[in-house]
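>
Residue numbers (the UniProt record's numbering): 1 to 230.
This is the structure in structure tokens:
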């Protein structure tokens, strides 16, 4: 695999069995994401976008095919090994923030780093504080998710995704649950932080403005690519 390829998928298939019937959701997809590259995937609901993202992020296994992450075969690893590789290389942002309600913003952001055996609390806290400041939430460090607005919760989720300094961020409709003004704020943060960290980004989105700003736009329909624009 090319040394600047962060993520590579080859001939990915995914099927689900429901009773006696089998539904083919992903049908032989391949793609590469290079260091620092921004790739967006667009398509109608039910086209298989989120399923593909879960496979690429190691949250699900393909029925067939290969996923390589940072030069290492990813899909065939055990759950613990995949979890370790995810923590080292990937950041995740979803349409819904998935923050832990009993923890503060600072604690939520710090959590992925605290899971590492070599974590040093002082350095973890400094990194979490820096990112919360970077997303404009230095005044919300001790607030819990229930005390934050929707846009603030999504900014905390963004900071959490970045705290491990991932090589690749995977985002599933990161602005889909926000009003237009807040969505633009999140979009601008994503753009700025990607350049600052030289991080690759793969985003599933219905937001045409966000999609069109990508280096590469992949169009998905019924589990296959239908067009590709570069």
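Note that the Cβ used here is the ideal one computed from N, Cα and C, for glycine as well. Please read all numbers here as calculations on a predicted model, not as lab measurements.
For my contact list, residue 140 and residue 105 are in at a C-beta cut-off of 8 Å; report their separation, rounded to the angstrom.
5 Å
> Identify, in the order they occur along the chain, each residue of the same chain with its Cβ nearer than 7 Å to the Cβ of residue 6, setting aside the five sequence neighbours on each side.
33, 34, 35, 70, 167, 168 and 200
> Between the C-alpha atoms of residue 113 and residue 20, what's the straight-line distance to the nearest angstrom?
Answer to the nearest angstrom: the Cα atoms are 44 Å apart.
> Buried or exposed: which applies to residue 8, given that a residue is buried once 16 or more other Cβ atoms fall within 10 Å of its Cβ?
buried
> Between the alpha carbons of residue 216 and residue 53, how many angstroms are there, rounded?
16 Å
> Over the uninterrupted alpha helix (DSSP H) stretch that includes residue 54, give me the two end residues.
49 to 56 is the extent of the alpha helix (DSSP H) around residue 54.
> Can you have a look at residue 123 and say buried or exposed, based on whether 16 or more other CB atoms are within 10 angstroms of its CB?
Burial call: exposed.
> Look up residue 69 in the DSSP assignment and give the residues it is bridged to.
DSSP output for residue 69 lists 7 and 72 as bridge partner(s).
> Can the beta-carbon of residue 109 be found closer than 9 Å to that of residue 160?
The answer is yes: Cβ separation under 9 Å.
> How should residue 230 be labelled, buried or exposed, when 16 other C-beta atoms within 10 angstroms of its C-beta is the threshold for buried?
Only weak support is given to the placement of residue 230: the predicted model assigns it a pLDDT of 49, under 50, and the value that follows is read from those uncertain coordinates. Counting Cβ neighbours within 10 Å, residue 230 comes out exposed, since fewer than 16 surround it.
> Answer with buried or exposed for residue 67, where buried requires no fewer than 16 other C-beta atoms within 10 angstroms of its C-beta.
buried
> Does residue 138 pass the burial test, meaning 16 or more other C-beta atoms within 10 Å, or should it be called exposed?
exposed
> With distances taken between CB atoms, is the gap from residue 174 to residue 95 smaller than 9 Å?
yes
> On the criterion of 16 or more Cβ atoms from any shown chain inside 10 Å, does residue 226 qualify as buried, or is it exposed?
exposed
> Going by the DSSP bridge assignment, what does residue 19 pair with across the sheet?
Paired residue(s): none; residue 19 is not in a bridge.
> By the three-class DSSP mapping on this structure, what secondary structure does residue 221 have?
strand
> Considering only their Cβ atoms, is the gap separating residue 136 from residue 153 smaller than 9 Å?
Taking C-beta atoms as the reference points, residue 153 and residue 136 fail to come closer than 9 Å.
> Going by CA-CA distance only, name the one from 209, 197 and 204 that's closest to residue 185.
209
> Quick check on residue 196: buried or exposed, where buried means 16 or more other Cβ atoms within 10 Å of its Cβ?
exposed
> Taking residue 82 as the reference, which of 100, 61, 65 and 98 has the closest Cα?
61
> Quick one: what's got a C-beta closer than 8 Å to residue 1's C-beta in the same chain, skipping five residues either side?
Confidence in residue 1 is poor, its pLDDT being 48 and thus under 50, which makes the residue's placement too unreliable to answer from.
> In chain order, what residues of the same chain have a beta carbon less than 7 Å from the beta carbon of residue 14, not counting five sequence neighbours either side?
25, 26, 51, 55, 62 and 63
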